[in-house]
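J.: In terms of the UniProt record's numbering, the sequence shown has 117 at position 117, counting the first letter as 1, and numbering is strictly consecutive.
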Amino acid sequence: MMCLDVGCGKGFHAALLAENFPKSNFTGIDVTLEAVHLANQQRKDNGQTFDNLAFIQMDAGKMDADWENKYDVVTIFDACHDQMRPDLCLKEIYRVLKPGGVFGMLEVNGSSNVYKDKQEMGLVATQMYGCSMFHCLPVSSNSEDALGLGAMWGKERAVKLLKEAGFKDITVLPTPQFVINILYVCKKD
């Protein structure tokens, strides 16, 4: 199975998956070269020599043209909202996913409504808006056409962008282990 982790950062999730699924191939991409270097260095420091794992610097909004219909599974862990253009990122994910392939997106379970989020999440909402303001928004605002959605971009907006990307089969699931998150599971027709 061919698997892609978008916005892989230091490669934690991709390495964990590669270790547990040795018959599958994993590629982690991140827009920052430093993250890719850290991912590779961390693998080396931990003695991980997986032949089924590679990290590449790449903008998720402009993936390789020859990746069309390449991946069986694509994941993105708390990183879609950090993309300068999450809309283009999701369209690219749809493009590189094989027909019948599955896309899993873990994101913060916010609503884009500060009042509602504070009522439902309490102080956690305050923390997430703070993290969003000081990390997510600056990271995602590095181009003139950046959307700058932030971590609390909301389920409604996420589902809208997933549909605009081409996904029709979208399931939204709670994540009991991480109550501040929500999991979007999408299948490509």
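Cβ atoms here follow ideal geometry from the backbone N, Cα and C, with glycine treated the same way.
Would LYS188 and PRO86 be called neighbours here (beta carbons separated by less than 8 Å)?
T.: Along the sequence shown, one-based indexing puts residue 188 at 188. Along the sequence shown, one-based indexing puts residue 86 at 86. For LYS188 and PRO86, no; Cβs fall outside 8 Å.
J.: Does the beta-carbon of LYS10 have 16 or more other beta-carbons within 10 angstroms, so that it is buried, or is it exposed?
T.: Residue numbering aside, residue 10 sits at position 10 when the sequence shown is read from its first letter. It counts as buried.
J.: When the Cα of ALA54 is compared with those of THR171, HIS13, PHE134 and HIS81, which residue comes out closest?
T.: Counting from one through the sequence shown, the residue named residue 54 turns up at place 54. Out of THR171, HIS13, PHE134 and HIS81, HIS13 has the C-alpha closest to the C-alpha of ALA54.
J.: Which two residues bound the contiguous alpha helix (DSSP H) that contains GLU174?
T.: For the purposes of this step, residue 174 is identified with residue 174 of the sequence shown, where counting begins at 1. First, the residue type needs correcting, since residue 174 is Pro and not Glu in the sequence shown. Run containing PRO174: none in the alpha helix (DSSP H); it sits in the beta strand (DSSP E), 169-174.
J.: Going by the DSSP bridge assignment, what does ASP5 pair with across the sheet?
T.: Here residue 5 is taken as the residue at index 5 of the sequence shown, counted from 1. GLY28 and THR75.
J.: Which residues mark the beginning and the end of the beta strand (DSSP E) in which ALA54 is found?
T.: Your numbering for residue 54 matches position 54 in the sequence shown. From DSSP, the beta strand (DSSP E) with ALA54 extends over 53-57.
J.: If we count the other Cβ atoms within 10 Å of its Cβ and call it buried at 16 or more, is GLY130 buried or exposed?
T.: Taking the sequence shown and counting its residues from 1, one reaches residue 130 at position 130. Exposed, by the Cβ-count rule.
J.: With distances taken between CB atoms, is the gap from CYS3 to LEU16 smaller than 8 Å?
T.: Here residue 3 refers to the residue found at position 3 when the sequence shown is read from its first residue. Here residue 16 refers to the residue found at position 16 when the sequence shown is read from its first residue. No, these two residues do not count as a Cβ contact at 8 Å.
J.: Do GLY150 and CYS136 have their C-beta atoms within less than 8 Å of each other?
T.: For the purposes of this step, residue 150 is taken as residue 150 along the sequence shown, with counting starting at 1. For the purposes of this step, residue 136 is taken as residue 136 along the sequence shown, with counting starting at 1. Yes, these two residues count as a Cβ contact at 8 Å.
J.: Count the other CB atoms within 10 Å of the CB of TYR71; is the residue buried (16 or more) or exposed (fewer)?
T.: Position 71 of the sequence shown, counting from 1, holds the residue named residue 71. TYR71 is buried by the Cβ-count criterion.
J.: CA-CA distance, CYS186 and TRP153?
T.: Reading the sequence shown from its first residue, position 186 is the one you call residue 186. Reading the sequence shown from its first residue, position 153 is the one you call residue 153. If you draw a straight line from the Cα of CYS186 to the Cα of TRP153, it comes to about 18 Å.
J.: Ends of the alpha helix (DSSP H) at LYS23?
T.: For the purposes of this step, residue 23 is taken as the residue at position 23 of the sequence shown. Here LYS23 belongs to no alpha helix (DSSP H), and DSSP marks it neither H nor E.
J.: With burial defined as no fewer than 16 other Cβ atoms inside 10 Å of the residue's Cβ, what is the status of GLU107: buried or exposed?
T.: Here residue 107 corresponds to residue number 107 of the sequence shown, with the count starting at 1. With 16 or more other Cβ atoms within 10 Å, it is buried.
J.: GLY148 to SER111, Cα distance in whole Å?
T.: Start at 1 with the first residue of the sequence shown, and residue 148 comes out as number 148. Start at 1 with the first residue of the sequence shown, and residue 111 comes out as number 111. Their backbone Cα atoms lie some 15 Å apart in a straight line.
J.: Identify, in the order they occur along the chain, each residue of the same chain with its Cβ nearer than 6 Å to the Cβ of ALA79, setting aside the five sequence neighbours on each side.
T.: Residue mapping note: residue 79 aligns to position 79 of the sequence shown, counting from 1. So the qualifying residues of the chain are GLY7.
J.: Tell me, which residues are paired with ASN181 by DSSP?
T.: Position 181 of the sequence shown holds residue 181. ASN181 is bridged to VAL108.
J.: Roughly how many angstroms lie between the CA atoms of ALA125 and TYR94, to the nearest whole one?
T.: Here residue 125 is taken as the residue at index 125 of the sequence shown, counted from 1. Here residue 94 is taken as the residue at index 94 of the sequence shown, counted from 1. Note on geometry: alpha-carbon atoms of ALA125 and TYR94 lie some 30 Å from one another.
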